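In what follows, a structure is listed as structure tokens, so that the remarks can point back to it.
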Amino acid sequence: MIKPLHTFYLKNKRILMRVDFNVPINNGRVVDDFRIQSTLPTIQYCLEQGAGVVLMSHLGRPNGKVDADLSLMPVGETLSDMLEMPIKFSDDCISEDARDTSLGISAGEVHLLENLRFHNEETQNDPYFSMLLAKHGEIYINDAFGTAHRVHASNVGIVDHFKQKGIGFLMEKELKYLKESFDRPRRPVTLILGGAKIGTKISLIQRFLNKADTIIISGGMVFTFLKAKGEEVGKSLIDENGVAIASQIIKEAKNQKAKLVFPSDFICAKNIESESIKIYSRRKIPKTMMGLDIGPRSIERFRKIISSSNTILWNGPMGVYEKDCFSKGTSSIAEKLVELTEADAGQITIVGGGDTAAAIRSYGYQRNVSHVSTGGGASLELLCGESLPAFTALG
Ligand code: AMP
């Protein structure tokens with residue numbers, strides 16, 4: 000059994016917490032603090048209970064070398080602003096100085112360790128490195144969902160060194176929405192897929208063919224499906240390697256619960272840079288044009304499907320949402336999910352995938368849906384029913 004945070008007695012304890020502070024940094028400043036915000040309730044709870052908190056995370060891919068651009072120092076500054084208190088920072092995660100700082104922290108204090116991946120031993124799940132990390136705390140809490148699918152020292156090897164170990168509130172929330180809500184889902188279940196890459200979403204579609212009632216396939220990936228159906232898609236994005244798989248999925252879907260739904264019209268242009276746009280019905284896209292967003296009839300239809308669903312999972316933007324002229328599909332779906340969530344009639348709305356989560360946050364809606372996942376690969380694996388190493392290690 001994995002122990003959730005609220006079951007621990009935390010007063011005057013040192014909590015060693017693995018968090019996912021792998022956030023974008025530009026010119027020494029955090030440019031998107033979503034992952035830090037998402038871990039805040041766990042950190043604050045520990046502090047309120049009278050614990051001292053030692054935080055460890057990776058940032059980027061420094062490949063075992065110290066890289067000033069990938070220092071967690073800017074994250075520490077952002078965290079300190081959010082907590083409205085000073086925090087301690089160590090420039091190495093396993094140095095004696097860092098360990099002494101951890102041993103010396105008092106109740107209500109926070110100590111952030113430097114990037115774990117400045118040491119190759121982190122990604123190698125090295126036992127000695129795990130043992131050194133473990134010296135920072137008395138209770139181990141993992142709240143780093145973004146790395147839950149990895150077998151690393153700070154989330155797998157380390158757990159053997161603790162009697163008292165468990166997960167934080169963010170991990171609990173990710174499990175609740177990405178796993179438990181699909182164990183016995185509130186029907187109808189709708190899966191909305193978009194984005195460019197089909198490869199990463201194939202297992203998700205296959206798993207949901209008998210879990211969902213409707214699967215909407217949209218974004219750039221839909222053209223591979225339409226091509227598989229023999230339809231004209233002009234110059235739209237095609238994953239040539241994916242056509243056979245798309246054909247197979249369309250065939251499989253005929254004998255499964257889920258109905259596949261495709262857009263009926265598209266916003267098209269000659270290329271992504273062009274702002275001269277035109278709406279074409281599906282099958283009528285001219286050879287010189289590419290579909291870059293869904294059209295108004297598709298938006299209307301998808302919004303109706305969403306309205307009559309009780310569990311909705313959305314992964315992948317409807318179009319090239321980064322450009323205003325191709326963002327209407329994505330923002331309209333986001334608005335509908337918010338409307339449904341705010342009606343407070345029990346519908347569950349879950350958003351996953353880096354780009355979709357970024358889109359929803361750019362509209363300021365991250366708190367207006369049931370859950371926005373902080374994981375990319377980890378959320379896809381959990382949704383596909385796989386067991387993630389970080390949870391298995393704690394189970
Ligand atoms: P993914 O990482 O597979 O979820 O893909 C996200 C990317 O898909 C975003 O950068 C979107 O701009 C892109 N995208 C969405 N719709 C289209 C489309 N119709 N054509 C090309 N790219 C698209």
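Start counting the sequence shown at 0; every next residue gets the next number (numbering that gives the first Met the number 0).
From the three backbone atoms N, C-alpha and C, an ideal C-beta is built for every residue, glycine too.
These figures come from a predicted structure and were not determined experimentally.
### Query
Tell me the DSSP bridge mates of H370?
For the purposes of this step, residue 370 is taken as the residue at position 371 of the sequence shown. Per DSSP, I349.
### Query
If you pair each beta-carbon of the stretch 10 to 22 with each one of the stretch 53 to 63, do three or more pairs fall below 8 Å?
Judged by Cβ distances under 8 Å, the stretch 10 to 22 makes contact with the stretch 53 to 63, as three or more pairs qualify.
### Beta-carbon separation (whole angstroms), T38 vs L169, contact threshold 8 Å
On the sequence shown, position 39 is the one that residue 38 refers to. On the sequence shown, position 170 is the one that residue 169 refers to. T38 to L169, Cβ: 6 Å. Contact.
### Query
Excluding five sequence neighbours on each side, which residues of the same chain lie with their C-beta closer than 6 Å to the C-beta of L336?
As a working mapping, residue 336 is identified with position 337 in the sequence shown. Hits under 6 Å: T348, V368.
### Query
Within the present structure, is the beta-carbon of K196 separated from the nearest heavy atom of the ligand AMP by less than 7 Å?
Working through the sequence shown from its first residue, we reach residue 196 at position 197. At least one heavy atom of the ligand AMP is nearer than 7 Å to the Cβ of K196, so yes.
### Message
Rounded to whole angstroms, what is the Cα-Cα separation between D32 and T189?
### Response
If you number the sequence shown from 1, residue 32 lands on position 33. If you number the sequence shown from 1, residue 189 lands on position 190. Computed Cα separation, rounded: 29 Å.
#### Entry: Within 8 Å, strictly: CB atoms of F265 and I284
Translated into positions along the sequence shown, residue 265 becomes position 266. Translated into positions along the sequence shown, residue 284 becomes position 285. Yes; because the gap between Cβ atoms is below 8 Å, this pair is in contact.
### Query
Looking at L190 and the ligand AMP, is the gap between the Cβ and the nearest heavy atom below 7 Å?
Sequence index remark: in the sequence shown, residue 190 carries index 191 (1-based). Checking every heavy atom of the ligand AMP against the Cβ of L190, none is found closer than 7 Å.
### Message
Assuming S202 and A227 are in contact, meaning their beta carbons sit under 8 Å apart, how far apart are those beta carbons, in whole angstroms?
### Response
The sequence position of residue 202 within the sequence shown is 203, counting from 1. The sequence position of residue 227 within the sequence shown is 228, counting from 1. S202 to A227, Cβ: 18 Å. No contact.
### Query
Grouping DSSP H, G and I as helix and E and B as strand, with all else coil, what is P3?
For this step, residue 3 is matched to residue 4 along the sequence shown. If DSSP states are grouped into helix, strand and coil, P3 belongs with the strands.
### Task
Identify every run of the beta strand (DSSP E) within the stretch 90 to 159, keeping only runs that are complete inside it and at least 3 residues long; order them along the chain.
The qualifying runs are 109 to 112, 138 to 141.
### Message
Please list the terminal residues of the continuous beta strand (DSSP E) segment that includes L192.
### Response
Translated into positions along the sequence shown, residue 192 becomes position 193. Looking at the DSSP string, the run of the beta strand (DSSP E) that includes L192 is 188 to 192.
### Query
Does the ligand AMP have even one heavy atom less than 7 Å from the beta-carbon of E171?
Along the sequence shown, one-based indexing puts residue 171 at 172. No, since every heavy atom of the ligand AMP falls outside the 7 Å radius drawn around the Cβ of E171.
### Query
Expressed to the nearest angstrom, what Euclidean distance is found between the alpha-carbon atoms of N124 and N309?
Here residue 124 refers to the residue found at position 125 of the sequence shown. Here residue 309 refers to the residue found at position 310 of the sequence shown. Cα to Cα, the separation comes out at about 41 Å.
### Those residues which DSSP pairs with R28 across a bridge
Sequence index remark: in the sequence shown, residue 28 carries index 29 (1-based). Residue pairing from DSSP places R28 in a beta bridge opposite N25.
### Task
Please check the pair I204 and G241, which I expect to be a contact at CB under 8 Å, by giving their CB distance rounded to whole angstroms.
Stepping through the sequence shown from its first residue, residue 204 is reached at position 205. Stepping through the sequence shown from its first residue, residue 241 is reached at position 242. Separation of the CB atoms of I204 and G241 is rounded to 11 Å, and the pair is thereby denied contact status at 8 Å.
### Query
How far does the alpha helix (DSSP H) with R397 in it reach, from first residue to last?
In the structure as shown, the chain begins at 0 and stops at 394. Residue 397 is therefore absent and cannot be evaluated.
### Query
Who are the Cβ neighbours of N119 in its own chain at under 6 Å, not counting the five residues just before and after it?
Numbered from 1 along the sequence shown, position 120 holds the residue referred to as residue 119. If we look at N119 and ignore the five residues flanking it on each side, its Cβ neighbours are G63.
### Task
Over the uninterrupted alpha helix (DSSP H) stretch that includes L78, give me the two end residues.
The count along the sequence shown starts at 1 and reaches residue 78 at position 79. Following the DSSP letters along the chain, one finds L78 inside the alpha helix (DSSP H) bounded by residues 72 to 82.
### Message
If I measure Cβ to Cβ from V109 and keep anything under 6 Å in the same chain, skipping five residues before and after, which residues do I get?
### Response
Within the sequence shown, residue 109 is the residue found at index 110, counting from 1. Residues of the same chain with a CB within less than 6 Å of the CB of V109, apart from the 5 flanking positions on each side, are V52, I86 in chain order.
### Query
Would you say A389 and V155 are within 8 Å of each other, going by their C-beta atoms?
In the sequence shown, the residue the question calls residue 389 occupies position 390. In the sequence shown, the residue the question calls residue 155 occupies position 156. Taking 8 Å as the Cβ cut-off, A389 and V155 qualify as a contacting pair.
### Query
If you drop the 5 nearest sequence neighbours on each side, which residues of the same chain put their C-beta closer than 7 Å to that of T355?
Residue 355 sits at position 356 when you count from the first residue of the sequence shown. Cβ within range, chain order: W313, N314, G315, P316.
### Query
Is the distance from the Cβ of D96 to the Cβ of S105 below 8 Å?
Along the sequence shown, read from residue 1 onward, the residue named residue 96 stands at position 97. Along the sequence shown, read from residue 1 onward, the residue named residue 105 stands at position 106. No, the Cβ-Cβ distance between D96 and S105 is not below 8 Å.
### H5 classed as buried or exposed, judged by whether at least 16 other C-beta atoms fall within 10 angstroms
In the sequence shown, the residue the question calls residue 5 occupies position 6. Here H5 is exposed. Its C-beta has fewer than 16 other C-beta atoms within 10 Å.
### Task
Ignore the nearest five residues each way along the sequence and tell me which others in I24's own chain have a CB closer than 6 Å to its CB.
The residue given as residue 24 occupies position 25 in the sequence shown. Result list for I24: P73, in chain order.
#### Entry: alpha helix (DSSP H) runs contained entirely in the stretch 178 to 264, provided each spans 4 or more residues
Entirely contained in the stretch 178 to 264, the alpha helix (DSSP H) runs reaching 4 residues are, in chain order, 201 to 207, 221 to 227, 242 to 252.
### Message
Just verifying my parser: in three-state terms, what is the DSSP assignment at A342?
### Response
Mapped onto the sequence shown, residue 342 falls at position 343. Secondary structure at A342: coil, using DSSP grouped into helix, strand and coil.
### Message
Does the distance between the C-beta of G318 and the nearest non-hydrogen atom of the ligand AMP fall short of 7 Å?
### Response
Taking the first residue of the sequence shown as 1, we reach residue 318 at position 319. Yes, the beta carbon of G318 sits closer than 7 Å to at least one heavy atom of the ligand AMP.
### Query
In three-state terms, what does DSSP make of L381?
Counting from 1 along the sequence shown, the entry for residue 381 is found at position 382. Note: L381 maps to helix in three-state DSSP.
### Query
By DSSP, does L169 sit in helix, in strand, or in coil?
On the sequence shown, position 170 is the one that residue 169 refers to. DSSP, reduced to helix, strand and coil, places L169 within a helical segment of the structure shown.
### Query
From D91 to L131, what distance separates their C-alpha atoms?
For this step, residue 91 is matched to residue 92 along the sequence shown. For this step, residue 131 is matched to residue 132 along the sequence shown. About 12 Å.
### Within 8 Å, strictly: CB atoms of G194 and G59
Looking up residue 194 in the sequence shown gives position 195. Looking up residue 59 in the sequence shown gives position 60. No; because the gap between Cβ atoms is not below 8 Å, this pair is not in contact.
### Query
Between the C-alpha atoms of T77 and K10, what's the straight-line distance to the nearest angstrom?
In the sequence shown, residue 77 corresponds to position 78, counting from 1. In the sequence shown, residue 10 corresponds to position 11, counting from 1. The alpha-carbon of T77 is positioned some 26 Å away from that of K10.
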